[in-house]
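One structure below.
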Amino acid sequence: MKTNDLINRMNEAYGRMSKGQKCLTAYITDNYDKAVFLTAAKMGEIVGVSESTVVRFASGLGYKGYPEFQKALEELVQEKLTASLKGEFSAARSGRSGILRQVLEMDEDNLKKTKESLDEAAFETAVETISSAKTIYVTGMRNCAPLAEFLAFYLNMIFPQVRLIKTSSNCELFEQMMHITAEDVIIGISFPRYSMRTLKALEFANERNAKVVTLTDSIHSPLNLYSSCNLLAKSHMSSIVDSMAAPMSMLNALIVALTIKHRTAVVKNVEQMEKLWEDYQYDGNDEIDQMADSIKNKYKQVGEDTDV
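Mapping of the sequence shown onto our numbering: residues 117 to 424, in sequence order.
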């Protein structure tokens, strides 16, 4: 069976699935190491669907029956375990200095592959889409939460309406997005194992006709079902840790492009921040002063403004 075949099949079929089948996809994606031991009846009980729904789900993905589907699950678990063990054994053999070199080389490889497959048109579309939005929503769960926070922090220095969606509950997620409209954009960040909460947020935004921009690893990512603009960055690493060097580099490029496009607004915002610190800080100088001077000096020299 082809590597990751089960994940690819679920991703490609997601848009055609019923509500119950989407729930099964969510459970399997997040818990494949547990799902592999379950009967069709038990999986249905855990997810809240009937046994027949589970069997039809397996058949709908192209498997002859639940046993063949379960075999695909076993191969997926074995693949993940093998990749993890390979990374651990390789690191153990190499020693600490070897670990550092190997990780840096894997990060370099992800950056190289990302650079080789760049979609400049998609990147420019993302810049324009974000620039024209009334409100910018940013979401990334689990291992992508730090990326989302990083992006939202810098977007707040450029735009007046930026909302970071940060929650462990689907209900809270929708509450934070209840005012999203066609004038807004949501930026969704997710890498394997893909977050179903992030996917739900993009699905909800798409239903509200909001623009959707994604940062993910592959054209097969389920996030791309709801996105009109896909930014791709490689994140593979032979360990339980994902490589976020290329995704972070993509976000850096996005922030720099938006900062240059809105340089006057950035300088103004930094000056306001600087004044607030001067007015309210009470325990000596804060290093934000140095940051503010650096940003102002840099972008005041870039030439004529292109703010939109």
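Cβ coordinates follow ideal geometry from the N, Cα and C atoms, glycine included. Small disclaimer: the values here were computed from a predicted structure and weren't measured.
- If the five residues before and after N385 are omitted, its C-beta is found closer than 8 Å to the C-beta atoms of M273 and I274, all from its own chain and listed in chain order.
- DSSP places R125 inside the alpha helix (DSSP H), whose first and last residues are D121 to A129.
- From the listed residues V193, V383, S365 and A298, the smallest Cα separation to D146 is found for V193.
- Note that the C-beta distance between V301 and T245 is below 7 Å.
- Rounded to the nearest angstrom, the gap between the Cα atoms of L289 and G304 is 13 Å.
- Secondary-structure assignment with DSSP links C345 through a beta bridge to V329.
- Q277 is classed as exposed because its beta carbon has fewer than 16 other beta carbons within 10 Å across all chains shown.
- In this structure, L341 lies near Y130, with their beta-carbon atoms less than 7 Å apart.
- About 14 Å separates the CB atoms of A151 and E167; that is not less than 8 Å, and the two are not in contact.
- Between the alpha carbons of M126 and L177 lies a distance of about 7 Å.
- Per DSSP, the beta-bridge partners of I305 are G256 and L331.
- Annotated as proximal: D358 and N259, with beta-carbon spacing under 7 Å.
- Residue range E167 to G176 is occupied by the alpha helix (DSSP H) that includes V170, with no beta strand (DSSP E) assigned at that position.
- About 6 Å separates the beta carbons of A317 and M293, which is inside the 8 Å limit, making them a contact pair.
- Taking C-beta separations shorter than 6 Å and ignoring five residues to either side along the sequence, the partners of F185 in its chain run A174 and Y179, following chain order.
- In the structure shown, V193 falls within a helical segment according to DSSP collapsed to helix, strand and coil.
- For I296, the secondary structure class from DSSP, reduced to helix, strand or coil, is coil.
- Spanning the alpha carbons of N124 and V383 requires a straight line of approximately 45 Å.
- Judged by DSSP in its simplified three-state form, I281 adopts strand.
- With 16 or more other Cβ atoms from the protein chains shown falling within 10 Å of its own Cβ, Q137 counts as buried.
- Contact between Y253 and I371 is ruled out by a C-beta separation of about 16 Å, above the 8 Å threshold.
- Out of K282, S344 and T155, the CA that lies nearest to the CA of A261 is found in K282.
- Rounded to the nearest whole angstrom, the CA to CA distance from D333 to P183 is 30 Å.
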